[in-house]
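According to the working numbering, the sequence shown is numbered sequentially starting from 263. Reading through the structure tokens given below for one structure.
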Amino acid sequence: MQAASLSFKSRMESSTGDDFTQILKPEYLNQSTDQEITALPNEVKTKMIAHSLACTAIAFNPMGDLLATGGADKVVKLWQLKKQKVNDMATLKSKSNPVCAISFSLDNDFFVSCSTDHKATIYHLKGQIRAKNSFAAHSDLISSARFMFSQRQLVTASHDCYVKFWDVNSGDIVRSINSYSKCFDMHISRSETNIGSGHKDGSIKVWDSKSKDQILKLEDAHADPVACLRFTPEENFIVSTSRDDTIKVWDMRMRKLLHSFEHDYFKLGSHQNKLCVSPNGQYAVCGTKDGAIIFYDIKKGECADIIPDQHRSQVVAVEWHPKSDKFNQLVSADDLGGLLFWGV
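Here it is, written out as structure tokens:
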């Protein structure tokens with residue numbers, strides 16, 4: 263593993279521009295990473311069919327009152343979450359292509375949807391939902407798209423090996439980085455200081471968000487393609503999973519592998535399977551090709567719970583509600599279009 267100097271100092275710099283909020287609202291800036299989780303949300307409370315084909319992407323907005331889902335049926339849906347109820351708020355139909363990635367901006371003003379025709383579309387959320395910018399972002403499938411609030415940019419990663427940075431207001435490209443391996447996932451640290459990418463060759467790379475320089479490479483992080491990686495909220499660890507059917511925890515301060523997990527129940531169905539990390543950084547949750555949900559204790563390096571047979575098919579993605587101190591909930595999606603809401 264290459265030695266590297268990692269900085270986790272926040273870079274919430276001032277910015278200009280009419281369309282993108284200049285200053286982080288305290289409600290988002292002061293979100294605690296110490297939200298206590300006294301019980302795992304391991305009981306299914308609601309089951310529904312969200313899409314007529316596979317559900318391919320899910321994301322909560324920062325407030326946790328909206329959930330976006332994207333599907334192979336070429337539809338993006340927005341669901342309003344209120345008082346334990348799930349209401350269909352809006353349906354946006356793509357012209358011709360399945361959805362492959364979804365994300366909200368930190369200020370809750372925008373969300374992005376990416377489709378298999380390699381395009382990214384940024385939507386306004388305030389008032390009537392409408393498209394702001396749409397652009398051909400890559401020459402191959404977009405695996406991940408995330409807003410970088412402090413720099414008013416959208417970051418996209420693709421199977422074409424590039425990580426690209428886009429101006430949110432204009433839709434113009436700001437920077438393009440060749441990672442030299444198909445990028446199957448990308449995540450931005452909570453402080454937006456670092457960007458992590460997971461690759462087909464099994465490597466994990468970390469980039470400085472300001473200089474765009476590569477500051478760390480885990481050459482053989484996994485024996486097979488990296489399906490997903492996430493920074494923990496306090497940014498001391500990266501949690502990754504792979505087609506080698508392992509969950510691994512990487513200590514970013516010591517620059518070494520901390521834990522590795524394997525289990526007979528844990529088999530990934532594809533390199534598009536996405537895990538999530540609890541808001542307090544204690545747990546990682548991942549679904550399997552057999553429809554099971556696995557809770558993994560990051561700090562202890564051990565399985566916390568396994569829930570089999572709730573999904574009828576392969577789990578595609580899981581997301582933990584961002585306000586776990588108020589709503590200790592989990593959402594999981596499968597490749598039959600099913601959506602499950604979990605609670606305690």
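Quick reminder that beta carbons are idealized off the backbone N, C-alpha and C, glycines included.
Residue 453 to residue 473, Cα distance in whole Å?
Pairing residue 453 with residue 473, the inter-Cα distance amounts to about 15 Å.
Selection from 374, 337 and 366 that minimises the alpha carbon distance to residue 360:
The residue with the shortest Cα to Cα distance from residue 360 is 337.
How about residue 561 and residue 529: are their beta carbons less than 8 Å apart?
In this structure, the beta-carbon distance from residue 561 to residue 529 does not fall below 8 Å.
Can you look up residue 415 in the DSSP assignment and give me helix, strand or coil?
Three-state DSSP puts residue 415 in a strand.
Residue 430 (DSSP reduced to helix, strand or coil):
The three-state reading of DSSP puts residue 430 in coil, since its state is none of H, G, I, E or B.
Relative to the C-alpha of residue 546, which candidate in 418, 534 and 564 has its C-alpha closest?
Ranked by Cα distance from residue 546, the first of 418, 534 and 564 is 564.
Could you tell me the alpha carbon to alpha carbon distance between residue 499 and residue 457, rounded to whole angstroms?
Cα atoms of residue 499 and residue 457: separation of roughly 13 Å, rounded to the nearest angstrom.
Pull the bridge partners of residue 662 from the DSSP assignment, please.
Given a span of 263 to 606 for the chain in the structure shown, any question on residue 662 remains unanswerable.
Go to residue 375, then tell me how far its beta strand (DSSP E) extends in each direction, as first and last residue.
Unbroken beta strand (DSSP E) run through residue 375: 372-377.
Just how far apart, CA to CA, sit residue 509 and residue 394?
Their backbone Cα atoms lie some 37 Å apart in a straight line.
In chain order, what residues of the same chain lie with their CB nearer than 6 Å to the CB of residue 520, ignoring the 5 residues before and after it?
Only residues of its own chain outside the window of five on either side were considered, and among them 511 and 513 have a CB closer than 6 Å to the CB of residue 520, listed in chain order.
Is residue 553 helix, strand or coil when you go by DSSP?
Three-state result, residue 553: coil.
Measuring straight from C-alpha to C-alpha, what distance separates residue 479 and residue 315?
Approximately 37 Å between the Cα atoms of the pair.
Over the uninterrupted beta strand (DSSP E) stretch that includes residue 456, give me the two end residues.
Following the DSSP letters along the chain, one finds residue 456 inside the beta strand (DSSP E) bounded by residues 456-461.
Does DSSP put residue 490 in a helix, a strand or coil?
Look at residue 490 here: in three-state DSSP terms it is strand.
By the 10 Å Cβ neighbour count, where 16 or more other Cβ atoms means buried, how is residue 440 classified, buried or exposed?
Under a 10 Å Cβ-count criterion, residue 440 is classified as exposed, with fewer than 16 other Cβ atoms of the shown protein chains found around its own Cβ.
Residue 599 and residue 574: beta carbons closer than 8 Å?
No.
By the three-class DSSP mapping on this structure, what secondary structure does residue 298 have?
In the three-state scheme derived from DSSP, where H, G and I count as helix and E and B as strand, residue 298 is classed as coil.
Own chain residues within Cβ distance below 8 Å of residue 475, not counting five before or after
If we look at residue 475 and ignore the five residues flanking it on each side, its Cβ neighbours are 469.
On the three-state DSSP scale, how would you describe residue 576?
Residue state, collapsed to three classes: coil.
Would you tell me roughly how many angstroms separate the C-alpha atoms of residue 345 and residue 327, rounded to the nearest one?
In this model, residue 345 and residue 327 are separated by some 10 Å (Cα to Cα).
Proximity winner among 364, 387, 386 and 379, relative to residue 417 (alpha-carbon distances)
With distances taken between Cα atoms, residue 417 lies closest to 364.
Leaving out five residues on either side along the sequence, give the residues of the same chain with a beta carbon under 6 Å from the beta carbon of residue 310.
The answer, listed in chain order, is 601.
Are residue 302 and residue 567 closer than 8 Å when you measure CB to CB?
Their beta carbons are under 8 Å apart, which means residue 302 touches residue 567 by this criterion.
From 557, 384 and 379, residue whose alpha carbon lies closest to that of residue 370:
From the listed residues 557, 384 and 379, the smallest Cα separation to residue 370 is found for 384.
Beta-carbon separation of residue 483 and residue 448 under 8 Å?
No, the Cβ-Cβ distance between residue 483 and residue 448 is not below 8 Å.
Residue 481: buried (16+ other C-beta within 10 angstroms of its C-beta) or exposed?
In the assembly as shown, residue 481 is an exposed residue. Its beta-carbon has fewer than 16 other beta-carbons within 10 Å.
How many whole angstroms separate the CB atoms of residue 399 and residue 426, which I take to be in contact at a CB cut-off of 8 Å?
Their Cβ separation, rounded to whole angstroms, is 6 Å, which keeps residue 399 and residue 426 in contact under 8 Å.
Which residues mark the beginning and the end of the beta strand (DSSP E) in which residue 564 is found?
564-569 is the span of the beta strand (DSSP E), which, as asked, contains residue 564.
In chain order, what residues of the same chain lie with their CB nearer than 6 Å to the CB of residue 377, ignoring the 5 residues before and after it?
The residues are 356, 359 and 361.
Measure the alpha-carbon distance for residue 477 versus residue 367 and round it to whole angstroms.
Going from the Cα of residue 477 to the Cα of residue 367 covers about 25 Å.
Rounding to the nearest angstrom, what Cα-Cα distance links residue 488 and residue 460 in this structure?
Here the C-alpha atom of residue 488 lies approximately 5 Å from the C-alpha atom of residue 460.
The beta strand (DSSP E) with residue 405 in it runs from where to where?
Looking at the DSSP string, the run of the beta strand (DSSP E) that includes residue 405 is 404-410.
What first and last residue would you give for the beta strand (DSSP E) that runs through residue 349?
From DSSP, the beta strand (DSSP E) with residue 349 extends over 347-355.
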